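Quick note: the sequence shown uses full-length UniProt numbering, first residue 1, plus one each step. Just so you know, even glycine gets a beta-carbon here, dropped at the ideal spot from N, CA and C. Being a predicted model, the structure only gives us computed values, none of them experimental.
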Amino acid sequence: MPSSKHPEAYVRLAKPSEYAEVTRVLTRAFAKDPAMNWYAGATEVVDDIDHLTRTAKRHMRHLSWFQEALVRMTVLVKGIVTVVVVPRPDGKEAQKSASKDNTISKEEVAAVCLWLPPGKTLDIGLVTVLRSGVLKVLKGWGLKGVKRVLFEFSPIVEHSVEKSFKVRGLDRLDSWHLLEIVVDPIHQDKGFCSMLIEEGFHRASPKPIHLEATTEKSRDIYAHYGFEIDEEHRFGVRQVDKIGVQAKGEAATGFPEWIMTKWST
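What follows is the structure in structure tokens.
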């Protein structure tokens with residue numbers, strides 16, 4: 001169903017030639033995300049994604065390496081990348097969507113969703129991890145950042161998901177994982193998130209869908225669509241503030257994160 005605020009917008013699978021643009025949208029949308037700030041060891045928040053300071057440029061570059069690896073990993077494990085596309089204004093970012101045969105897409109990626117179908121996880125072998133480009137992530141975020149992703153955040157999330165499914169007598173692997181869903185900041189408030197979620201519900205039905213929310217805003221949006229909070233965690237206590245930026249003393253509260261599931265689609 002098209003957006004009432006942009007009747008030419010629609011949802012489809014991302015094309016391989018669009019993965020760079022998908023990465024760009026994910027990077028822009030997660031520029032201020034507390035979890036991404038924590039992983040990166042951010043010392044300041046990115047105030048304006050279109051007018052970056054030197055520090056912010058470095059932060060965005062490293063964040064793009066992580067998002068690029070996540071997109072590749074999703075594809076390598078047979079996950080699904082869906083996008084909302086709109087007609088591209090003449091000349092706008094055309095170079096970002098050039099395919100291998102140098103043709104230019106007439107459509108702009110406005111929103112992105114990464115899905116892991118039942119039976120698919122990111123618990124994968126070393127070869128696949130390396131193919132995803134994780135070494136660039138290591139270069140950008142260092143050992144501490146990769147450790148936070150793999151050994152501090154992910155195991156706690158996985159344990160919570162396993163526990164909530166077990167309580168209901170369900171197999172956690174017999175569900176969909178909504179890994180990331182974003183709308184490019186310049187395309188906010190046009191109904192694109194709803195389009196992606198509704199298409200995802202149709203695809204996933206009747207299986208449960210689980211996800212992680214790292215901001216109160218995203219938590220409330222997911223709750224609006226029927227996701228229930230299974231458990232709340234707090235990461236980065238005594239390290240970062242509520243937006244994931246390095247802090248000390250009383251400001252170093254850490255940031256909240258919510259495990260959420262929609263049990264019926």
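1. Quick check on the burial criterion: 16 or more other C-beta atoms within 10 angstroms. Buried or exposed for Ile186?
2. Checking contacts by CB at 8 Å: is Phe201 closer than that to chain B?
3. Would DSSP call Ser99 helix, strand or coil?
4. In the structure shown, what three-state DSSP assignment does residue 310 receive?
5. Give me, in chain order, the residues of the same chain whose beta-carbon lies closer than 7 Å to that of Ala56; leave out the 5 immediate sequence neighbours on both sides.
6. Nearest-angstrom Cα distance between Pro117 and Ala14?
7. Does the Cβ-Cβ distance between Asp230 and Ile209 come in under 8 Å?
8. Can you tell me which of the three DSSP states Ala9 falls into?
9. Would you call the region 63-70 in contact with the region 124-144, where contact means no fewer than 3 C-beta pairs closer than 8 Å?
10. In or out: Phe255 buried (at least 16 other Cβ within 10 Å) or exposed?
11. If you check the beta carbons only, do Glu152 and Phe235 fall under 8 Å apart?
12. Using the rule of at least 16 other Cβ atoms within 10 Å of the residue's Cβ for burial, across every protein chain shown, is Asp184 buried or exposed?
13. Could you give the distance in angstroms between the alpha-carbon of Val146 and the alpha-carbon of Gly41?
14. Asp241: buried (16+ other C-beta within 10 angstroms of its C-beta) or exposed?
15. Counting C-beta neighbours from all protein chains within 10 Å, is the total for Ser99 16 or more, i.e. buried, or is it exposed?
16. Would you kindly work out how many angstroms separate the C-alpha atoms of Val129 and Glu216, rounded to a whole number?
17. Go to Glu107, then tell me how far its beta strand (DSSP E) extends in each direction, as first and last residue.
18. Flag this pair as yes or no: are the beta carbons of Thr265 and Lys207 separated by less than 8 Å?
19. At which residues does the beta strand (DSSP E) containing His210 begin and terminate?
20. Looking only at C-alpha atoms, which of Pro16, Trp38 and Ala29 sits nearest to Ala252?
So, from the data block:
1. Numbered from 1 along the sequence shown, position 186 holds the residue referred to as residue 186. That one is exposed.
2. The displayed structure is made up of one protein chain only, and chain B is not part of it.
3. One-based indexing of the sequence shown puts residue 99 at position 99. Legend: pLDDT at Ser99 = 47, less than 50; position of this residue unreliable, no value from coordinates given.
4. The question about residue 310 has no answer, for the chain in this structure spans 1 to 265.
5. Numbered from its first residue, the sequence shown carries residue 56 at position 56. For Ala56, where only same-chain residues beyond five positions count, the Cβ hits under 7 Å are Val46.
6. As a position in the sequence shown, residue 117 is number 117, starting the count at 1. As a position in the sequence shown, residue 14 is number 14, starting the count at 1. The alpha-carbon atoms of Pro117 and Ala14 are separated by roughly 16 Å.
7. If you number the sequence shown from 1, residue 230 lands on position 230. If you number the sequence shown from 1, residue 209 lands on position 209. Result no, Cβ atoms of Asp230 and Ile209 do not sit closer than 8 Å.
8. Here the question's residue 9 lines up with position 9 in the sequence shown. DSSP places Ala9 in coil when its eight states are reduced to three.
9. yes
10. For this step, residue 255 is matched to residue 255 along the sequence shown. So Phe255 counts as buried.
11. Your numbering for residue 152 matches position 152 in the sequence shown. Your numbering for residue 235 matches position 235 in the sequence shown. Against a cut-off of 8 Å, the Cβ pair of Phe235 and Glu152 comes out as a contact.
12. The residue labelled residue 184 in the question sits at position 184 within the sequence shown. Result: buried.
13. Here residue 146 is taken as the residue at index 146 of the sequence shown, counted from 1. Here residue 41 is taken as the residue at index 41 of the sequence shown, counted from 1. Cα-Cα distance, rounded: 11 Å.
14. One-based indexing of the sequence shown puts residue 241 at position 241. Classification for Asp241: buried.
15. On the sequence shown, position 99 is the one that residue 99 refers to. With a pLDDT of only 47 at Ser99, under the threshold of 50, the placement of this residue in the model should not be trusted; the figure read from the coordinates follows. Looking at its Cβ environment, which holds fewer than 16 other Cβ atoms inside 10 Å, Ser99 is exposed.
16. Start at 1 with the first residue of the sequence shown, and residue 129 comes out as number 129. Start at 1 with the first residue of the sequence shown, and residue 216 comes out as number 216. Roughly 31 Å separates the two Cα atoms.
17. By one-based count along the sequence shown, residue 107 stands at place 107. Unbroken beta strand (DSSP E) run through Glu107: Glu107 to Leu116.
18. Residue 265 sits at position 265 when you count from the first residue of the sequence shown. Residue 207 sits at position 207 when you count from the first residue of the sequence shown. Cβ atoms of Thr265 and Lys207: closer than 8 Å.
19. Counting from one through the sequence shown, the residue named residue 210 turns up at place 210. First-last of the beta strand (DSSP E) with His210: Ile209 to Ala213.
20. Translated into positions along the sequence shown, residue 252 becomes position 252. If we check each option's Cα against that of Ala252, Trp38 comes out closest.
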